[in-house]
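These notes concern the structure reproduced below.
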Amino acid sequence: MNTNSLLQEYYKALREALQQIFTALTSVRKDTLTRLVLGGVMGGTATEIAQAVDMDYETVLKNLDKLANINLIKIVKEIVKDHPVQLIIDDTHNHKARALPVSRNGTQAFYCREHKRYEPAIQLLIIAIKDLYTNETYIITIIPYIPQKVAEILKERGEKAEYKTKIQLYLETLPTILNEYNVTTISFDSWYVNSKTLLPNTIGELKANSRVVEGDRHVPVAEFPEGEYLVEYLGTPIKLLVIDNYKDMGKRYFFSTNTKDTPEDIITTWENRWDIEVVIRELKALGLEKSSFLTWIRNKGFITLKALSLLLVLSFKYSLGLRLGAKRISRMIKSIYQSLGGIKKLFKRRKKT
Numbered sequence: 001m002n003t004n005s006l007l008q009e010y011y012k013a014l015r016e017a018l019q020q021i022f023t024a025l026t027s028v029r030k031d032t033l034t035r036l037v038l039g040g041v042m043g044g045t046a047t048e049i050a051q052a053v054d055m056d057y058e059t060v061l062k063n064l065d066k067l068a069n070i071n072l073i074k075i076v077k078e079i080v081k082d083h084p085v086q087l088i089i090d091d092t093h094n095h096k097a098r099a100l101p102v103s104r105n106g107t108q109a110f111y112c113r114e115h116k117r118y119e120p121a122i123q124l125l126i127i128a129i130k131d132l133y134t135n136e137t138y139i140i141t142i143i144p145y146i147p148q149k150v151a152e153i154l155k156e157r158g159e160k161a162e163y164k165t166k167i168q169l170y171l172e173t174l175p176t177i178l179n180e181y182n183v184t185t186i187s188f189d190s191w192y193v194n195s196k197t198l199l200p201n202t203i204g205e206l207k208a209n210s211r212v213v214e215g216d217r218h219v220p221v222a223e224f225p226e227g228e229y230l231v232e233y234l235g236t237p238i239k240l241l242v243i244d245n246y247k248d249m250g251k252r253y254f255f256s257t258n259t260k261d262t263p264e265d266i267i268t269t270w271e272n273r274w275d276i277e278v279v280i281r282e283l284k285a286l287g288l289e290k291s292s293f294l295t296w297i298r299n300k301g302f303i304t305l306k307a308l309s310l311l312l313v314l315s316f317k318y319s320l321g322l323r324l325g326a327k328r329i330s331r332m333i334k335s336i337y338q339s340l341g342g343i344k345k346l347f348k349r350r351k352k353t
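Under UniProt numbering, the sequence shown has 315 at position 315, and the numbering climbs by one with no breaks.
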C-alpha cells in the first residue's frame, strides 16, 4: 500500500471514530467538538489544546464547562451496541502538581508511592466496560469525588462540599449502566466489597482478615488452605477461591457471587479487570494531569475531554488493528491532521485517488 492510500485509510478511520462520538452528543457544536477532541489528543494542557487546533483559549475554557455534563455511557453504547460486557470498577489519583493541597476544586494532599512524596491530587472513580465480543475496553464513567477529610476542611472554611464515598457514587450510577448495557459480570478489588455491592455475577477479591461463614463458624479467609469453598459473606452465598501464590504475589482470596462459576471463570474475569489499569495509564499519557482549574466543573470538563480524546484514540486504534500505545497513536493522528492541512481541510469531502 502506497503512502497516499495509507493516509486515506487512516483518514477514513479517524473520521469514523469522530463520528461515533458525535452520534450521541448534541450539547456542543460539531465543529467545536471536533477541535476540542482532536486538541485533547494532540495537546496536554488547555493552552496546548488551543494552539494545536487554532482555537481561542477562552473558547476552550467555556466549552470545558459544557463538557462537564457529557454522558460517556451513551457515547460508548453506540460503539458496543448490545454486546455482552464485563463491568470493571476502580479509582485513581489525578495528580495536580500546581494545585493547592486542599481547595474548592477538590484537590487533596496524599502520599504518592510512585514519586515518594506528598502531592495534591483529585480522586477519580473510574468505571469501564470490556466488550467480551471484541475484547476492547472503554471508560464509560469518570466521577471526580471529594474525600471526607477534604469535605470537612472545606466546610470549616465556609465552602460548599458534598461528600459521598466512591461506593455510593458507583451504586448511584449502576442502575443507568445496567439499563444501557448487556452486563454479564461485575468486577472490582477488595476496596469495593460490602453488603450492597455483592450483586449477582460479581467477582472480586477479599482481604485476608475478611470473615466468612462456613457451616456455623465465622472464619477468616486467611485460615483456608488452597482450594474452592462454598461459604457465606455478609449474608451472601459466594464461591471462595483460595490460591497460595497467585502470580508470585502471595496468597490471594478471590470470590464469585455465582456459586456455579469454575475457578477458570473467576480467574479469567479477575484478570480482565486489569484492562482498566491499562486505559487509566493511557488516559494519563494523553495529558490528564497537565491542567488544574480553580472550579470543580472546569476540572470535570477537562477530565471528560481527555476521556473523549482517549475514546477517539481507542476507536481509531481498534478499527485499524494497531498495537500501539495512546502516545504513539496521538502522534499518528497529529501527523494525519497536519498532512491534510489542519482543521479547515480535515473534514472537507476528499476526492478518491
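A virtual CB, placed ideally from N, CA and C, is assigned to each residue, including glycine.
| Query | Result |
| --- | --- |
| Alpha helix (DSSP H) runs contained entirely in the stretch 153-223, provided each spans 4 or more residues | 166-180 |
| When S319, G341, D189, A326 are compared against L14, the one with the closest alpha-carbon | S319 |
| Any C-beta of chain D under 8 Å from that of E228 | Here chain D cannot be found, since the structure has a single protein chain. |
| Cβ pair count under 8 Å reaching 3, the stretch 239-256 against the stretch 208-218 | yes |
| Beta-carbon gap between I186 and L199 smaller than 8 Å | yes |
| Helix, strand or coil at S339 [DSSP, three-state] | helix |
| Of the residues E271, L308, D261, the one placed nearest L283, counting alpha carbons only | L308 |
| Distance between K260 and F254 (C-alpha atoms, nearest Å) | 14 Å |
| For I126 and T165, believed in contact at Cβ under 8 Å, the rounded distance | Actually they are not in contact, since the Cβ atoms of T165 and I126 sit about 15 Å apart, beyond 8 Å. |
| P225 - DSSP class collapsed to helix/strand/coil | coil |
| Same chain, Cβ closer than 8 Å to K334, five either side skipped, listed in chain order | V41, M42, A52 |
| Between the CA atoms of A285 and A326 - distance to the nearest angstrom | 7 Å |
| Sufficient close CB pairs (3 or more, under 8 Å) joining the stretch 76-86 to the stretch 170-189 | yes |
| Cβ-Cβ separation, K130 to T137 (assumed contact under 8 Å), whole Å | 5 Å |
| Residue closest to Y163, alpha-carbon to alpha-carbon, out of M332, E152, S5, V76 | E152 |
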